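Quick mapping for you: the protein sequence lines, in order, are chains A and B. In this text, residue positions in the first sequence follow this note's numbering: the first is 1, and each later residue adds one. In this text, residue positions in the second sequence follow this note's numbering: the first is 1, and each later residue adds one. Positions of the beta carbon are idealized from the N, C-alpha and C atoms, including for glycine. Since we're looking at a predicted model, the values are computed, not measured.
Number of protein chains: 2
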Amino acid sequence: MTIGDAAKASGVNAKLIRYYESIGLIPAAGRTAAGYRVYSSSDVNILRFVKRARTLGFSIERIQILVGLWQDRSRSSAEVKRVALDHVAELEAKIAELRAMSDTLKHLARACHGDERPDCPILRDLEEGGGRCCHEAPP
Amino acid sequence: MTIGDAAKASGVNAKLIRYYESIGLIPAAGRTAAGYRVYSSSDVNILRFVKRARTLGFSIERIQILVGLWQDRSRSSAEVKRVALDHVAELEAKIAELRAMSDTLKHLARACHGDERPDCPILRDLEEGGGRCCHEAPP
DNA sequence: CCTTGACCTTCCAGTCATTGGAAGCCTTAT
DNA sequence: ATAAGGCTTCCAATGACTGGAAGGTCAAGG
Numbered sequence: 001m002t003i004g005d006a007a008k009a010s011g012v013n014a015k016l017i018r019y020y021e022s023i024g025l026i027p028a029a030g031r032t033a034a035g036y037r038v039y040s041s042s043d044v045n046i047l048r049f050v051k052r053a054r055t056l057g058f059s060i061e062r063i064q065i066l067v068g069l070w071q072d073r074s075r076s077s078a079e080v081k082r083v084a085l086d087h088v089a090e091l092e093a094k095i096a097e098l099r100a101m102s103d104t105l106k107h108l109a110r111a112c113h114g115d116e117r118p119d120c121p122i123l124r125d126l127e128e129g130g131g132r133c134c135h136e137a138p139p
Numbered sequence: 001m002t003i004g005d006a007a008k009a010s011g012v013n014a015k016l017i018r019y020y021e022s023i024g025l026i027p028a029a030g031r032t033a034a035g036y037r038v039y040s041s042s043d044v045n046i047l048r049f050v051k052r053a054r055t056l057g058f059s060i061e062r063i064q065i066l067v068g069l070w071q072d073r074s075r076s077s078a079e080v081k082r083v084a085l086d087h088v089a090e091l092e093a094k095i096a097e098l099r100a101m102s103d104t105l106k107h108l109a110r111a112c113h114g115d116e117r118p119d120c121p122i123l124r125d126l127e128e129g130g131g132r133c134c135h136e137a138p139p
């Protein structure tokens, strides 16, 4: 299989396969006499594993660890679970951060007339730093 | 005010202030005879505006627009609201994406014993591409 | 045999919003 | 006079790709 075939079979872009090889995420592929990379079906399996892990938002660094555990027959499921739960914790933290941003903005947007007049609570919040809110009593 | 004073007053790092100037997000500061940047309190206000907008997750590109609308006395609040709601839509899309990742992983982690044995549903999912799930009947 | 087109190769640059460092000038205090 | 600290510029790196240029290789068709 050439890199194009491996790309089709794995769903990972040929360019990205070369990149993954260059950073050491996947082992260096064999070569033909002309220098073309050659892939086996087990190489494609690794690529698919990586692709699925990226879909679940794992960083390249953690995927390195997961691939290592995957290949290690004497791994403990506890190790895998810990890597996964560390990632879940990061995802939840990010979600909470975005949730707070979105809720604040939705609140401000609801208070904004959205007409031709210039008066706008959204800009007022940005101007004042969002320190206080319409629902809070002054100190 | 020097750039260090403006940084303290606005909460924006001096390095970042220079960067914002270099990309044209904020107007170029005046200079002393020796070439030091000089800031006024209205410059600090712009920096605070930018900082607050970044805290709400707006991209630099959208902040350019928001700063423009903020300075424009003949703006309509509808324009501001549209920029804000576009951003909210992006935030919500990102949240949904991360939510799906997190839920899938939490589900897999719950099914994982997390002990010394190598058997692990998380790795099985990554191997198989997550195409099917333990709750689904085979075709 | 030659050309065309579709592959493959490497290397370099750009994305986004910062952050870090190096080398050198300016100001203030001792 | 000198030391400390702040200021200046420019270059490089981050993560995870993506794009393009310049050139080598391969199979089919004329």
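Short of 8 Å in beta carbon distance, which residues of its chain neighbour Ser77 (chain B), apart from the five on each side in sequence? Order them along the chain. none
Inter-residue spacing [alpha-carbon to alpha-carbon] between Ala89 (chain B) and Arg62 (chain B): 14 Å
Neighbour-count burial assignment, Arg37 (chain B), 16 or more Cβ in a 10 Å radius: buried
Closer than 7 Å, CB to CB, is Asp115 (chain B) near chain A or not? yes
Distance, Cα to Cα, Leu91 (chain B) vs Ser102 (chain A)? 6 Å
Taking Pro118 (chain A) as the query, report the chain B residues whose CB atoms sit under 7 Å from its CB, ordered along the chain. Arg73, Ser74, Arg75, Ser76 and Ser77
Step through the CB atoms of chain A and report whether any lies within less than 7 Å of the CB of Gly24 (chain B). no
Could you tell me whether the stretch 68–77 of chain B touches the stretch 115–124 of chain A, where touching means 3 or more Cβ pairs closer than 8 Å? yes
Ala9 (chain B) versus Val44 (chain B) - alpha carbon distance: 7 Å
Length of the line joining the Cα atoms of Ala93 (chain B) and Arg99 (chain B): 10 Å
When you compare the CB positions of Tyr39 (chain B) and Ala29 (chain B), do they come within less than 7 Å of one another, or not? yes
Is the beta carbon of Ile122 (chain A) less than 7 Å from the beta carbon of Ala7 (chain B)? no
Collapsed DSSP secondary structure at Val38 (chain B) in the structure displayed: strand
Can you list, in chain order, the residues of the stretch 87–107 of chain B whose Cβ is nearer than 7 Å to any Cβ on chain A? His87, Val88, Leu91, Glu92, Lys94, Ile95, Leu98, Arg99, Met101, Ser102, Thr104, Leu105 and Lys106
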